[in-house]
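Worksheet: one structure, shown below.
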Amino acid sequence: MAEVLIIEDDDRIRPLLVRGLRECGHTVTSAPTGMGGLQLAVDSGPDLVVLDLGLPDVDGTQVLSMLRAVSQVPVIIASARADDPSLVGALDAGADDYVVKPFTSTQLDARIRAVLRRVEAGRQRPSTITVGGLAVDLAGRRVHLDGTEIDLTPREFDLLAHLVERPGEVVTKRDLLVEVWRQPWGGSDKTVDVHLSWLRRKLGETAAAPRYLTTVRGVGVRLAAPVPDVPAPTEDG
Ligand code: CA
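Have a look at this one:
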């Protein structure tokens with residue numbers, strides 16, 4: 001279980017979350033202000049921070065920026081609204097996930113465990129992922145296809161990296177808008193389609209003749225190693 005710091009000014013919500021997460025087995029500290037929370041985060045080094053965006057002294061997004069300057073601790077944003085414009089700012093500033101109020105301690109606990117699993121997997125993840133003839137160096141942000149380096153834009157690289165980390169999995173366009181474009185709401189499938197088609201061209205394939213990137217109609221896209229060509233049966237007479 002984890003050491004969790006909750007930064008939340010609401011005097012009804014904060015004790016409920018503290019108690020709820022303790023019941024889930026976590027060690028929990030809390031602060032009712034942004035600066036107090038920041039101090040506690042630096043002093044006690046929690047495993048994860050739950051950060052409310054609407055705080056009385058400093059905006060939550062600013063708290064996150066200040067925290068990120070000194071710490072890579074995973075942060076889950078607690079937002080009052082799914083369409084809160086500062087949510088995008090918070091995700092850009094390095095938040096790892098978000099929950100929308102009202103949420104239960106059990107839901108928050110599930111998010112906490114998911115984020116910590118992801119962080120742990122990231123620590124163990126090899127820097128280069130290979131799928132078929134495609135080698136994606138995540139740390140160096142370089143891609144080779146059949147031994148030849150291919151030149152991608154930053155967005156194309158992020159898109160490919162997201163897919164190559166989930167080989168064989170169908171990833172929805174909505175997931176891509178959230179994870180690659182950082183647009184938890186809104187955004188257009190068309191944006192994803194356009195970038196996918198550019199990426200396909202650079203990988204030397206098309207939607208009609210896919211090799212690595214297969215569109216699953218109405219669902220999303222899957223990256224997998226191409227199936228080797230099966231030789232056409234010959235007629236031996
Ligand atoms: Ca608040």
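According to this note's numbering, the stretch in the sequence shown is residues 1 to 237, in order.
Backbone N, C-alpha and C define an ideal beta-carbon position, used for all residues, glycine too.
This structure is a prediction, so every number in the text was calculated from the model and none was measured.
Residue i classed as buried or exposed, judged by whether at least 16 other C-beta atoms fall within 10 angstroms
{"i": "V216", "result": "exposed"}
{"i": "D109", "result": "buried"}
{"i": "P15", "result": "exposed"}
{"i": "R117", "result": "exposed"}
{"i": "A93", "result": "buried"}
{"i": "G37", "result": "buried"}
{"i": "E23", "result": "exposed"}
{"i": "R12", "result": "exposed"}
{"i": "D84", "result": "buried"}
{"i": "R200", "result": "buried"}
{"i": "P46", "result": "buried"}
{"i": "A78", "result": "buried"}
Unbroken beta strand (DSSP E) run spanning residue i, endpoints
{"i": "L55", "result": "L55 -> no beta strand (DSSP E), and no H or E assigned at all."}
{"i": "L5", "result": "E3 to I7"}
{"i": "D97", "result": "D97 to V100"}
Chain-order list of residues whose beta-carbon lies under 8 Å from that of residue i (same chain, five-residue window excluded)
{"i": "H195", "result": "R155, E156 and L159"}
{"i": "T172", "result": "V219 and G220"}
{"i": "T61", "result": "L53, S86, G89, A90 and A93"}
{"i": "R166", "result": "L223"}
{"i": "E205", "result": "R211, Y212 and L213"}
Beta-carbon proximity list for residue i, same chain, < 6 Å, skipping 5 on both sides
{"i": "P74", "result": "L48, D96, V115 and V119"}
{"i": "M1", "result": "G25 and H26"}
{"i": "L176", "result": "V192"}
{"i": "V180", "result": "D158, L159 and H162"}
{"i": "V28", "result": "V4, V18, L21 and R22"}
{"i": "G237", "result": "With a pLDDT of only 48 at G237, under 50, the local geometry of the prediction cannot be trusted, and the value read off the model is given with reservation. Excluding positions up to five away in sequence, the list is empty."}
{"i": "P228", "result": "none"}
{"i": "V170", "result": "V216, V219, G220 and R222"}
For residue i, the first and last residue of its enclosing alpha helix (DSSP H)
{"i": "G204", "result": "Looking at the DSSP string, G204 is not in any alpha helix (DSSP H), and its letter there is neither H nor E."}
{"i": "E23", "result": "I13 to E23"}
{"i": "L108", "result": "S105 to Q124"}
{"i": "L38", "result": "G34 to S44"}
{"i": "D137", "result": "No alpha helix (DSSP H) contains D137, which is instead part of the beta strand (DSSP E) from L134 to D137."}
{"i": "V88", "result": "P85 to D92"}
Residue i and residue j closer than 8 Å at C-beta
{"i": "P184", "j": "A80", "result": "no"}
{"i": "L51", "j": "V70", "result": "no"}
{"i": "L40", "j": "L5", "result": "yes"}
{"i": "D137", "j": "T128", "result": "yes"}
{"i": "V164", "j": "L152", "result": "no"}
{"i": "S44", "j": "E8", "result": "no"}
{"i": "T33", "j": "D59", "result": "no"}
{"i": "I150", "j": "K202", "result": "yes"}
{"i": "A207", "j": "S197", "result": "yes"}
{"i": "I240", "j": "V99", "result": "Because the chain in this structure spans residues 1 to 237, residue 240 falls outside the shown range and cannot be described."}
Beta-carbon proximity list for residue i, same chain, < 7 Å, skipping 5 on both sides
{"i": "P226", "result": "G132, R211 and Y212"}
Inset, instruction - With a floor of 4 residues, list each alpha helix (DSSP H) that falls wholly inside the region 153-220, ordered by position along the chain. - result: Runs found: 154-164, 173-179 and 189-202.
Inset, instruction - Entirely within the region 56-81 and at least 3 residues each: give me those beta strand (DSSP E) ranges in chain order. - result: Correct list: 75-79.
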